Amino acid sequence: MHDANTAPQPVLSPEVADALRDGRPVVALESTLLAHGLPRPDNRAAADDVEAAVRAGGAVPATIAVLDGVPHVGLTSAQVDRVCADPDLAKLGVRDLPVAAALGMSGATTVSSTALLAEATGVEVFATGGLGGVHRQSADTFDESADLTALSRTSLVVVCAGVKSILDVPATLERLESLSVTVVGYGTTTFPGFYVADSGSTLDWSVADAEQAAAVFAARRQLAPGAVVVANPLPADEQLDPALHDRVIADALAAADAAGVRGKAVTPFVLDHLHRASEGATLAVNVRLVLRNAELAGRIASALAARPA
Ligand code: PSU
Ligand code: MN
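Going by this note's numbering, 1080 is the number at position 180 of the sequence shown; the sequence numbering is gapless.
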């Protein structure tokens, strides 16, 4: 039991603790995409594959979740089983962490809370699928992911395939600019569209390799708190068919609206609808892009660790 009067410190797995102590590269991984973004039981194999992709990039994976009120950075296999199997696991953004801690609850961490816990433990690189952002119709609903403000104050590299394409992508890029979050494309100035290679929006900057991404983060860290988003597109021959993409997304958003889904349930509902409406095509592409991001994050963490202090 933790002392109920203090926020519990994150518990590091022995492998993650050793790597951080020795200055070896570590990559944080979020658990919401496992628990709420991918269907059971496929999520369990994906969890192992994502960790293996980080290792292929040369770094130690640190999957993050809250178990019985305690944030864990680096999970045992049995802990990953718990995250992937529990249909009632909570989805925890930053604002939910104190409630989970005080009440001893368990939950999966989103981009916002994973980034916070990673930074708190000295992990500098984080891989995910797609960031949360400004939802379509946000002018009516005010629905904007807490991922955006979290990244404005959390210093780490976030490797993603853009923002989830169920969102208003241009509006999300505008908010990232307002919040002074650094955004670079990996090998491109085309902003990726998550399931598709091209979101239709462009970026001002790109980096050519992992070393340049590490150099941008090193410079950012000296300047001001805040994240460096590295947007890593799928190759065109691995993307979801763009026509299928546009059709199933329109259907999924209409279904969410018709079902009256609101708040933090919207993203899991829409992703689940897409996976079923596309007969698994969005699922396969979603897993693929997360694996590519994890591998690149491993290489960026390795490049950061190799920089002279
Ligand atoms: N990217 C994915 N799948 C996901 C998510 C991102 O490929 O499930 C999750 C992330 O955890 C992100 C969250 O932080 O969706 C955003 O949720 P919301 O839109 O409710 O803020
Ligand atoms: Mn939301």
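Quick reminder that beta carbons are idealized off the backbone N, C-alpha and C, glycines included. Quantities reported herein were computed from a predicted structural model and do not represent experimental measurements.
Coil, strand or helix - residue i by DSSP
{"i": "residue 915", "result": "helix"}
{"i": "residue 930", "result": "coil"}
{"i": "residue 1010", "result": "coil"}
{"i": "residue 1093", "result": "strand"}
{"i": "residue 1042", "result": "coil"}
{"i": "residue 871", "result": "Here the chain comprises residues numbered 901 to 1209, so residue 871 is not present and cannot be evaluated."}
{"i": "residue 1200", "result": "helix"}
{"i": "residue 1033", "result": "coil"}
{"i": "residue 937", "result": "helix"}
{"i": "residue 1163", "result": "helix"}
{"i": "residue 1107", "result": "strand"}
{"i": "residue 1054", "result": "coil"}
Short Cβ contact (7 Å threshold) for residue i with residue j
{"i": "residue 1034", "j": "residue 1129", "result": "no"}
{"i": "residue 1194", "j": "residue 973", "result": "no"}
{"i": "residue 1030", "j": "residue 1091", "result": "no"}
{"i": "residue 1114", "j": "residue 1023", "result": "no"}
{"i": "residue 1131", "j": "residue 1085", "result": "yes"}
{"i": "residue 1103", "j": "residue 1081", "result": "no"}
{"i": "residue 1003", "j": "residue 1026", "result": "no"}
{"i": "residue 1108", "j": "residue 1136", "result": "no"}
{"i": "residue 969", "j": "residue 989", "result": "no"}
{"i": "residue 1036", "j": "residue 986", "result": "no"}
{"i": "residue 1010", "j": "residue 965", "result": "no"}
{"i": "residue 926", "j": "residue 919", "result": "yes"}
heavy atom of the ligand MN below 6 Å from residue i C-beta
{"i": "residue 1043", "result": "yes"}
heavy atom of the ligand PSU below 6 Å from residue i C-beta
{"i": "residue 1098", "result": "no"}
{"i": "residue 1030", "result": "yes"}
{"i": "residue 933", "result": "yes"}
{"i": "residue 1229", "result": "Residue numbering for the chain in the displayed model covers 901 to 1209; residue 1229 lies beyond these limits and cannot be assessed."}
{"i": "residue 963", "result": "no"}
{"i": "residue 951", "result": "no"}
{"i": "residue 930", "result": "yes"}
{"i": "residue 1011", "result": "yes"}
{"i": "residue 1167", "result": "yes"}
{"i": "residue 937", "result": "yes"}
Nearest candidate by alpha-carbon position, reference residue i, set the options
{"i": "residue 1206", "options": "959, 980, 1167 and 916", "result": "959"}
{"i": "residue 1198", "options": "1110, 1084 and 1169", "result": "1110"}
{"i": "residue 1088", "options": "1134, 1147, 1044 and 1203", "result": "1134"}
{"i": "residue 1138", "options": "1184, 1179, 1161 and 1150", "result": "1184"}
Supposed close pair residue i, residue j - CB separation, criterion 8 Å
{"i": "residue 1181", "j": "residue 1140", "result": "6 Å"}
{"i": "residue 995", "j": "residue 946", "result": "Not a contact, Cβ separation roughly 27 Å."}
{"i": "residue 910", "j": "residue 971", "result": "4 Å"}
Distance cut-off 6 Å: residue i Cβ against heavy atoms of the ligand GTP
{"i": "residue 1047", "result": "In terms of ligand content, the structure shown lacks the ligand GTP and carries the ligand PSU and the ligand MN instead."}
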